[in-house]
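Protein chains: 2
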Amino acid sequence: MTVFYEYKRITTKKNLIFQEVIVNGWVRYFRSNRFIIMNDGSTLKDLQIIVMESNFSKELLKKITIGIALQIRGIFTESTGKKQLAEVISTVIQIYNKVSVSEINKTILQPKFHKPETLRDQAHLRFRTKLFSSIMRIRHQLSFCAHEYFYYQGFFYIHTPIITSSDAEGVGGMFKVTIFNLNDLPKDDQQYIDHTKDFFGHETYLSVSGQLEGETAALSLGQIYTFGPTFRAENSNTLRHLSEFWMIEPEIAFYEITDNMNLAEDILNYFLIKILKRCKEDIYYLKSKEDMLLERLQLIVDNSFCRISYTEAITILTSQPKIKHTIHWGIDLLSEHERYLVEHFCRPIILLDAPAEGKAFYMRLNDDEKTVSSMDILFPRIGEVIGGSQREERYELLLNRMQTLDIYEKPYWWYLDTRRFGSVPHSGFGLGFDRLVQFITGILNIRDIIPFPRTPKNAEF
Amino acid sequence: MTVFYEYKRITTKKNLIFQEVIVNGWVRYFRSNRFIIMNDGSTLKDLQIIVMESNFSKELLKKITIGIALQIRGIFTESTGKKQLAEVISTVIQIYNKVSVSEINKTILQPKFHKPETLRDQAHLRFRTKLFSSIMRIRHQLSFCAHEYFYYQGFFYIHTPIITSSDAEGVGGMFKVTIFNLNDLPKDDQQYIDHTKDFFGHETYLSVSGQLEGETAALSLGQIYTFGPTFRAENSNTLRHLSEFWMIEPEIAFYEITDNMNLAEDILNYFLIKILKRCKEDIYYLKSKEDMLLERLQLIVDNSFCRISYTEAITILTSQPKIKHTIHWGIDLLSEHERYLVEHFCRPIILLDAPAEGKAFYMRLNDDEKTVSSMDILFPRIGEVIGGSQREERYELLLNRMQTLDIYEKPYWWYLDTRRFGSVPHSGFGLGFDRLVQFITGILNIRDIIPFPRTPKNAEF
């Protein structure tokens, strides 16, 4: 009987030895007209196909080139090589569509070193490289770990809207969504754009966060989380900013800031422990590109996070002659400061109780009336990976704060309502999923851990 | 020792009897100054709190009103009532923020029947109703089932971009994304909008499907799926259309149309079996609103899907005097026709091989050169729940087809590339997640199975 096995399973199933199997994959090399090195993307390790030259026509063998896809029927055996887990001694070789060698050599499929920029320019093909496929398998595993973690903790996954009329962060930097023909805009009597004629009847934007909607769900269902794309129209051309990025946002009723910290620390630990266990092969491959990777991951697992207040952080930073920029209570910490703190404590930091000024309107005011119950989690290398807070549950204080910040209340009537009808202490945070992938894979540029990155001047593919 | 139990667990843990527990929740009723009926959203069943009137001040008891949140400390016992699984005899009652009874009686939190439209107008509060919280728990469970299914089948979850420059369906109806101030648009010499000055340097849209990008991933990683929001700027005000909806899109290399059908049927069955098992309580509650719900769900589980070609369907429909609209080969089937077919066969239908005309450019041309290798899965009540096809993997035929349909090739250079470098037979489909939730919950209007629906003229919250 012929077994049609998905390749990943073939490389690990010992009991297949001497059985006939069928496997599919793309050719990575073809050596000495004898060894085809093939991969189907399911795993890092290649599959070696043994070709008995005399069994096949020269015409057929000539067509087997890098990048072409094959179906192989053959006998499964263990491999004696180190790079492969298994071999198949081929009896039938079927070639899928032809490939032009000269054309393929113009792409990143040519087996030589390619710069990250070149891989990015051919993002549709980089899935087929060892590096990017490893990253994708880890990204996939992390996504599943997120759902798995929350599912078994009794959180409900909520789909909050992407198109929105409100600005969750109150910081601007939002993309507009419209169906207007920009060359022919409907105007009112006073020559202003008539937004009532747009698809939704008013101005709409891409959401920067599902938090506000998430809160309404948490204040009914108890524990919820979102996991979806969010958007920032900021002209940030850095190694750790994307204009479209994925966020995980849990919101929990009856949760105070300490519960919130414990949850954040627990889930980050969960991610790392699971990845180190489930993605060993891919992580070890990435370690070969980035020496300190494993040490950095282990650091998180081995240490509890250091919890300090913003005020304490300022005191520490002030006493450091190495810090160049002027430090005084009230400033926004720069990445230089964050990096210093993380290095100083040799572990991740949960930075608490930031000055109310400069923080979002929904954060709970502390008794000192100067700071809010915020928490930012800082990691080595990537900086902030989580930003969260206990939310302001007191109606009057929330309203005051919005007025102080000149936020027009009307579009938030429903958000304010949740503080009128059964308001309770609650907390939540946003976890930058792409940054977490960046940290775990040790990749320098965030553009290289998401399939098709969106950044200023770049929405190709 | 006091046990701080999440409420869902409290209602089911028999071994808690006579232990002291702490529970949080929102008040649904307060009867005879003696019974507080509370719920924390984790489960359909309420928790009954027994109040010994003499143990508490009149002032305190007066404040306990519908909608208010409480923390109860008390002794856990089994309930003798049928509606609750458990009771807590309260020793300490803590009231969270106050609630105005007259204000709450203006909302849907007032315990009486509210029309679906009214619930929708207060979408931020409807999570707290029995109906909507049931739907949300089922929606959550279905999401997890999707990830679980694919994970254990070895599919990789891929995050395809939301902001895009290409139109996957070639049907228009896309939302534009811009950062332009519409009252002050940058123009070029000829008074046309200068899109190079926009955020991405050219026109961008909200994706209607992650398929094309998903295909590039599948043609490297083998088996992938996407699960995310997609958008249609169509003026469809029906019971089964949303402008923003969630889709699950698997794409699989080395898959032909039959494999594709098998996968689709298998995952739909998986969803139903798991929901019937894991969401029993909520499903039975929904059945009380919609008599035939269980029968309809069981129908899917008990029957293999009927696989017929478009041509066969036309023959059947032509012979039916009941069908009003003119039937001839080539027409797009109307919902009336779909409904007839599903009823005729008393089971879901996989409709195959539709006329090439009117189908998307990426579907594989059949040997008859008139039809494509498409598959649409039709369910009772909701109609199409899945649309898929074997993809055209032959470069020349794909290019021909794009030219026939007047699709400008240049933005699709990367998609065409996948047919030049290791192209293989592959297939996939899109599963309308919201429609599936609609089917499983038996809810008439699709606006009532997603937290904050987006439809023409409606992007509130």
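Protein chains in written order, with my numbering: chain W, 42 to 502; chain A, 42 to 502. Note that the Cβ used here is the ideal one computed from N, Cα and C, for glycine as well.
When you compare each of Tyr449/W, Lys153/W, Ile203/W to Phe286/A by their alpha carbons, which one comes out closest?
Within the second sequence, the letter at position 245 stands for residue 286/A. The candidate whose alpha carbon is nearest that of Phe286/A is Ile203/W.
Is there a C-beta anywhere in chain A that falls below 8 Å from the one on Glu254/W?
Translated into the one-based positions of the first sequence, residue 254/W becomes position 213. Closer than 8 Å: yes.
Are Arg422/W and Glu144/A touching if we call contact CB-CB under 8 Å?
Walking along the first sequence from the start, residue 422/W turns up at place 381. Walking along the second sequence from the start, residue 144/A turns up at place 103. No, the pair does not count as a contact, with Cβ atoms beyond the cut-off.
Can you check which of these residues, Phe221/W, Ala164/W, Thr159/W, is closest to His236/W by C-alpha distance?
Start at 1 with the first residue of the first sequence, and residue 236/W comes out as number 195. Measuring from the Cα of His236/W, the nearest candidate turns out to be Phe221/W.
Could you spell out the range, first to last residue, of the alpha helix (DSSP H) harbouring Glu61/W?
As a position in the first sequence, residue 61/W is number 20, starting the count at 1. Segment 61-72 is the beta strand (DSSP E) holding Glu61/W; no alpha helix (DSSP H) there.
Where Tyr190/A and Asn301/A are concerned, what is the direct C-alpha to C-alpha distance, given to the nearest angstrom?
By 1-based counting over the second sequence, the position of residue 190/A is 149. By 1-based counting over the second sequence, the position of residue 301/A is 260. The straight-line gap from Cα to Cα measures roughly 15 Å.
Ordered along the chain, which non-local residues of its own chain (more than five positions away) have a Cβ less than 7 Å from that of Lys171/W?
As a working mapping, residue 171/W is identified with position 130 in the first sequence. Cβ within range, chain order: Leu85, Tyr326.
For Ala274/A, collect the residues of the same chain with a Cβ closer than 7 Å to its Cβ; drop the 5 residues on either side in sequence, then sort them by chain order.
Here residue 274/A is taken as the residue at index 233 of the second sequence, counted from 1. Excluding sequence neighbours, Ala274/A sits near Gly214, Met215, Phe216, Ser284.
May I ask you to report which of helix, strand or coil DSSP gives Met42/W?
To locate residue 42/W, count along the first sequence from 1; it is residue 1. With a pLDDT of 42 at Met42/W, under the threshold of 50, the predicted position of this residue should be treated as unreliable, though the coordinate-derived value follows. The DSSP-derived three-state label of Met42/W is coil.
Could you please give the first and the last residue of the uninterrupted alpha helix (DSSP H) stretch that includes Ile314/W?
Position 273 of the first sequence, counted from the first residue, corresponds to residue 314/W. Its alpha helix (DSSP H) spans residues 298-319.
Taking 8 Å as the cut-off, decide whether the C-beta atoms of His282/W and Ile487/W are in contact.
Within the first sequence, the letter at position 241 stands for residue 282/W. Within the first sequence, the letter at position 446 stands for residue 487/W. Going by C-beta atoms, His282/W is nearer than 8 Å to Ile487/W.
For the alpha helix (DSSP H) holding Arg337/W, just list the boundary residues, first then last.
Working through the first sequence from its first residue, we reach residue 337/W at position 296. 334-343 is the span of the alpha helix (DSSP H), which, as asked, contains Arg337/W.
What did DSSP end up calling Ser503/A once you bin it into helix, strand or coil?
Past the boundaries of the shown model lies residue 503/A; chain A is included only from 42 to 502, so the question cannot be answered.
Any C-beta of chain W within less than 8 Å: which residues of the region 79-112 of chain A qualify?
Asp81, Gly82, Ser83, Gly108, Ile109, Ala110, Gln112
Give a yes or no on whether the C-beta atoms belonging to Gly82/A and Glu331/A are separated by under 8 Å.
Residue mapping note: residue 82/A aligns to position 41 of the second sequence, counting from 1. Residue mapping note: residue 331/A aligns to position 290 of the second sequence, counting from 1. Not a contact, by the Cβ cut-off of 8 Å.
Would you mind listing the alpha helix (DSSP H) stretches within the region 432-498 of chain W that are 4+ residues and don't spill past its ends, in chain order?
Unbroken alpha helix (DSSP H) runs of no fewer than 4 residues, entirely contained in the region 432-498 of chain W, are found at 436-445, 454-458, 474-482, following chain order.
Short of 6 Å in beta carbon distance, which residues of its chain neighbour Met42/A, apart from the five on each side in sequence? Order them along the chain.
Residue mapping note: residue 42/A aligns to position 1 of the second sequence, counting from 1. At Met42/A, the pLDDT of 42 sits below 50, so the modelled position is not reliable and the matter cannot be decided from this model.
My output table needs one value for Val92/W: the three-state DSSP class, helix, strand or coil.
Translated into positions along the first sequence, residue 92/W becomes position 51. Residue state, collapsed to three classes: coil.
Just by C-beta distance, which residues in the region 281-301 of chain A are closer than 9 Å to chain W?
Ser284, Glu285, Trp287, Ala294, Phe295
Between the region 222-231 of chain A and the region 169-188 of chain A, do at least 3 Cβ pairs fall closer than 8 Å?
no
Give me whichever residues DSSP pairs with Cys347/W in a beta bridge.
Within the first sequence, numbered from 1, the residue matching residue 347/W stands at position 306. Answer is Ile390/W.
Would you say Lys217/A faces chain W, with C-beta separation under 8 Å as the test?
Within the second sequence, the letter at position 176 stands for residue 217/A. Yes, Lys217/A lies at the interface with chain W (some Cβ there is under 8 Å from its Cβ).
Is the CB of Tyr198/A under 8 Å away from at least one CB in chain W?
For the purposes of this step, residue 198/A is identified with residue 157 of the second sequence, where counting begins at 1. Yes, because at least one Cβ of chain W sits closer than 8 Å to the Cβ of Tyr198/A.
By alpha-carbon positions, which one of Glu433/A, Lys451/A, Gly255/A ends up nearest to His200/A?
Against the second sequence, residue 200/A aligns to sequence position 159. With distances taken between Cα atoms, His200/A lies closest to Gly255/A.
Give a yes or no on whether 8 Å exceeds the smallest Cβ distance from Asn65/A to chain W.
Translated into positions along the second sequence, residue 65/A becomes position 24. It does; some Cβ of chain W falls within 8 Å.
What is the DSSP secondary structure of Lys99/W, counted as helix, strand or coil?
Along the first sequence, read from residue 1 onward, the residue named residue 99/W stands at position 58. In the three-state scheme derived from DSSP, where H, G and I count as helix and E and B as strand, Lys99/W is classed as helix.
CA-CA distance, Glu353/W and Ile391/W?
On the first sequence, position 312 is the one that residue 353/W refers to. On the first sequence, position 350 is the one that residue 391/W refers to. Taking the straight line from one Cα to the other gives about 12 Å.
Strictly below 8 Å CB to CB, what residues from chain W border Leu160/A?
As a working mapping, residue 160/A is identified with position 119 in the second sequence. Near Leu160/A there are no residues of chain W at all, since even the closest Cβ is about 12 Å away, more than 8 Å.
Does the pairing of the region 90-102 of chain A with the region 128-138 of chain A give three or more beta-carbon distances under 8 Å?
yes
Would Tyr137/W and Ile109/W be called neighbours here (beta carbons separated by less than 8 Å)?
In the first sequence, residue 137/W corresponds to position 96, counting from 1. In the first sequence, residue 109/W corresponds to position 68, counting from 1. Yes. Within cutoff.
Excluding the five sequence neighbours on either side, which residues of its own chain have a C-beta within less than 8 Å of the C-beta of Lys104/A, listed in chain order?
Numbered from 1 along the second sequence, position 63 holds the residue referred to as residue 104/A. Closer than 8 Å at Cβ, skipping near neighbours: Ile136, Lys139.
For Ile145/A, go through chain W and note every residue whose CB falls closer than 9 Å to its CB, in chain order.
The residue you call residue 145/A lines up with position 104 of the second sequence. Arg461, Phe462, Gly463, listed in chain order.
Using a Cβ-Cβ cut-off of less than 7 Å, list which residues of the region 266-277 of chain A approach chain W; keep chain order.
Correct list: Gly269, Pro270, Ala274.
Using DSSP with H/G/I as helix, E/B as strand and the rest coil, what is Ala274/W?
Translated into the one-based positions of the first sequence, residue 274/W becomes position 233. Residue state, collapsed to three classes: coil.
Count Cβ pairs between the region 378-388 of chain W and the region 439-455 of chain W that sit closer than 8 Å; are there 3 or more?
no
Under 8 Å, do Gln194/A and Glu297/A count as touching if we go by C-beta distance?
Within the second sequence, numbered from 1, the residue matching residue 194/A stands at position 153. Within the second sequence, numbered from 1, the residue matching residue 297/A stands at position 256. No, these two residues do not count as a Cβ contact at 8 Å.
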